[in-house]
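Enquirer:
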Amino acid sequence: MPHQQQLQGTCLCKSVCFTLDGGISGVRYCHCSNCRKFAGTSPAAWGMAETAKLNVTTANNKIGKFNSGRGIRCFCLNCGSPLWFESIEYPHMLAIPLGVLDNDRLPAPEQHIWTQSSPSWCSIHDQLPRHPNYPEKTPE
Ligand SMILES: [Zn+2]
Ligand SMILES: [Zn+2]
321 MPHQQQLQGT
331 CLCKSVCFTL
341 DGGISGVRYC
351 HCSNCRKFAG
361 TSPAAWGMAE
371 TAKLNVTTAN
381 NKIGKFNSGR
391 GIRCFCLNCG
401 SPLWFESIEY
411 PHMLAIPLGV
421 LDNDRLPAPE
431 QHIWTQSSPS
441 WCSIHDQLPR
451 HPNYPEKTPE
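For the sequence shown, my numbering assigns the number 321 to the initial residue and increments by one for each residue that follows.
1) Out of Gln447, Leu403, Gln328 and Ser353, point me to the one whose CA is closest to Gly389's CA.
2) Indicate the three-state DSSP secondary structure (helix, strand or coil) for Met321 in the structure shown.
3) Nearest by alpha-carbon distance to Asp341: which of Gln326, Thr330 and Ser443 is it?
4) Is it buried or exposed, Ala379, if we count other Cβ atoms within 10 angstroms and call 16 or more buried?
5) By a C-beta neighbour count over all protein chains shown, 10 Å radius and 16 as the cutoff for buried, is Trp404 buried or exposed?
6) Return the CA-CA distance between Leu414 and Gly346, expressed in angstroms with no decimal places.
7) Considering only residues of the same chain and omitting the five flanking positions on each side of Asn398, which have a CB-CB separation below 6 Å?
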């Protein structure tokens with residue numbers, strides 16, 4: 321169930337601020353090596369949002385973009401904070417790192433994905449479903 325609320329996202333230095341109408345859904349922990357590098361830790365918690373619901377409220381010239389293969393990882397050019405992931409396979413959807421969002425009440429992660437890539441220093445301490453790679457029909 322998507323949360324019908326408006327969410328606000330900011331990078332560390334607040335050069336990039338955005339809102340998301342309609343909230344996020346499909347929240348998951350990703351253990352893949354790309355997310356590990358992008359986030360600087362593992363797992364990375366992501367929620368899905370509709371691309372059309374993203375509204376950047378600051379200038380776009382602070383948004384850096386890097387193609388990591390399956391999509392474009394967007395980040396703040398000033399402070400380096402991750403901002404969102406633009407899927408190439410599912411261009412109508414974005415993945416948002418939960419830590420970018422400023423709202424206190426966000427839906428909890430529902431699953432772990434790419435656990436086969438999880439580093440030895442990462443332990444899972446919950447009973448959520450675990451997928452060794454990528455479950456079908458769910459964009460990252
Ligand atoms: Zn920033
Ligand atoms: Zn990942």
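Backbone N, C-alpha and C define an ideal beta-carbon position, used for all residues, glycine too.
Expert: The structure says:
1) Ser353
2) Annotation note: pLDDT 48 at Met321 (below 50); position unreliable, no value reported.
3) Gln326
4) Classification for Ala379: exposed.
5) Counting Cβ neighbours within 10 Å, Trp404 comes out buried, since at least 16 surround it.
6) 11 Å
7) Cys333, Ser335 and Lys382
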